[in-house]
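Taking it in order: structure first as C-alpha cells, then the write-up.
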Amino acid sequence: SAVISQKPSRDICQRGTSLTIQCQVDSQVTMMFWYRQQPGQSLTLIATANQGSEATYESGFVIDKFPISRPNLTFSTLTVSNMSPEDSSIYLCSSRTANNEQFFGPGTRLTVL
Amino acid sequence: RKEVEQDPGPFNVPEGATVAFNCTYSNSASQSFFWYRQDCRKEPKLLMSVYSSGNEDGRFTAQLNRASQYISLLIRDSKLSDSATYLCVVNMGYKLVFGAGTILRVKS
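Chains as they are written, first to last, in this note's numbering: chain A, 43 to 155; chain B, 120 to 227.
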C-alpha cells in the first residue's frame, strides 16, 4: 500500500482567501487524485493530477477554482481559490498503485467563515 | 439513477450477528469493485476488492453478480470495532465512483 500524508490537516479560513493543500506519497505512483467529501456525503472526484501537465477536471470543477500542480510522481497540491462557506469540506488526496488499489490521505478539514 | 446505490442504513446489530450490505451499480462496463470502510472523521480505507468468483477475508465475504450489477458484503460474528460506514466503490474507467455508504452500528 501507499502511505499518503497531507498538510494542513485542518484550517479555518476567511471568505475570499485561498488555501493550498499539499499531498506527499511515499512511493512513486502513476495516478494521483483529489476528492472532496462534504458533510454527511460520500466522496466526489475533483480532478486527476497529471505529472507535468494540466490536471483533468470532473464535471462541475474548474481549474480557476481548484488549481492543481503535480511536479513529480510523489507530490501534488490542490488550491481552493476565492473560498466561500460552500467550500467547507474535507479534501482528500488519493493515489493508485500498480495493482489498481487506491489509497487515501488523512484529509484536510476546511472550514470557511 | 445514481451510478452506485447503497442502502444508507443505519444497520443496528448486536455483537456476534451476521449482517449483509448490498450495492447496485449502473454501468455494466465497470471492471473493478471494492468495499471501503470509513470511520468517523477518518479517511476511507480499502477493506477488500470484489472478484467475480467472490472472495473471503476472515469474517468478511464479498460477492459480485455482474448479470444483476449487484455487489454484496457479508460480515459474520460482528465486533464492536466493525462499527463504521461501508462504502461500495466501482471503478468506471480511470476513476472510482463511491456509493453514499451504509452505516453499521454494532452494539454490546
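For every residue, glycine included, the Cβ atom is placed at its ideal position computed from N, Cα and C.
I want to see whether chain D comes within less than 7 Å of residue i, judged by CB atoms only; does it?
{"i": "A:Q93", "result": "The displayed structure is made up of protein chains A and B, and chain D is not among them."}
What number of angstroms, rounded off, separates the C-alpha of residue i from the C-alpha of residue j?
{"i": "A:L134", "j": "A:W76", "result": "6 Å"}
{"i": "B:N131", "j": "B:D201", "result": "11 Å"}
{"i": "B:W154", "j": "B:V208", "result": "6 Å"}
{"i": "B:M211", "j": "B:N141", "result": "19 Å"}
{"i": "A:T116", "j": "A:A91", "result": "11 Å"}
{"i": "B:Y213", "j": "A:G102", "result": "18 Å"}
{"i": "B:K161", "j": "B:A219", "result": "15 Å"}
{"i": "A:R57", "j": "A:T153", "result": "10 Å"}
{"i": "B:K121", "j": "B:Y144", "result": "8 Å"}
{"i": "B:V123", "j": "B:V216", "result": "7 Å"}
{"i": "A:Q93", "j": "A:K49", "result": "20 Å"}
{"i": "A:A97", "j": "A:L85", "result": "18 Å"}
{"i": "A:T150", "j": "A:S51", "result": "4 Å"}
Identify whether residue i lies in helix, strand or coil by the three-state DSSP scheme.
{"i": "B:L199", "result": "helix"}
{"i": "B:E162", "result": "coil"}
{"i": "B:D176", "result": "strand"}
{"i": "B:P133", "result": "strand"}
{"i": "A:P113", "result": "strand"}
{"i": "B:E122", "result": "coil"}
{"i": "A:D68", "result": "coil"}
{"i": "B:N106", "result": "Any answer about residue 106 of chain B is impossible in this case: the structure gives chain B only from 120 up to 227."}
{"i": "A:N92", "result": "coil"}
{"i": "B:A219", "result": "coil"}
State yes or no: is the beta carbon of residue i nearer than 7 Å to at least one beta carbon in chain B?
{"i": "A:G149", "result": "yes"}
{"i": "A:F103", "result": "no"}
{"i": "A:E143", "result": "yes"}
{"i": "A:S84", "result": "yes"}
{"i": "A:F108", "result": "no"}
{"i": "A:L115", "result": "no"}
{"i": "A:L152", "result": "no"}
Please decide whether residue i counts as near chain A, where near means a Cβ-Cβ distance under 7 Å.
{"i": "B:G220", "result": "yes"}
{"i": "B:F130", "result": "no"}
{"i": "B:P127", "result": "no"}
In the DSSP output, which residue or residues are listed as bridge partners for residue i?
{"i": "B:Q157", "result": "B:T204"}
{"i": "A:F103", "result": "In DSSP, A:F103 forms no bridge with anything."}
{"i": "A:D204", "result": "Because residue 204 of chain A is not part of the residues shown, which for chain A are 43 to 155, the question remains open."}
{"i": "A:S137", "result": "A:M74, A:F145"}
Consider the C-beta atom of residue i and the heavy atoms of the ligand HEM; say whether any pair is separated by less than 6 Å.
{"i": "A:D129", "result": "As for the ligand HEM, it is missing from this structure, which has no ligand bound."}
Using 8 Å as the cut-off, can you tell me whether the segment 63-78 of chain A makes contact with the segment 104-123 of chain A, which would need three or more C-beta pairs spanning the two stretches below that distance?
Taking one beta carbon from each stretch, the segment 63-78 of chain A and the segment 104-123 of chain A have 3 or more pairs nearer than 8 Å; the two touch.
Are there three or more Cβ pairs, one per stretch, closer than 8 Å when the segment 135-154 of chain A is compared with the segment 122-129 of chain B?
Between the segment 135-154 of chain A and the segment 122-129 of chain B there are fewer than three inter-stretch CB-CB distances shorter than 8 Å, so the stretches are not counted as touching.
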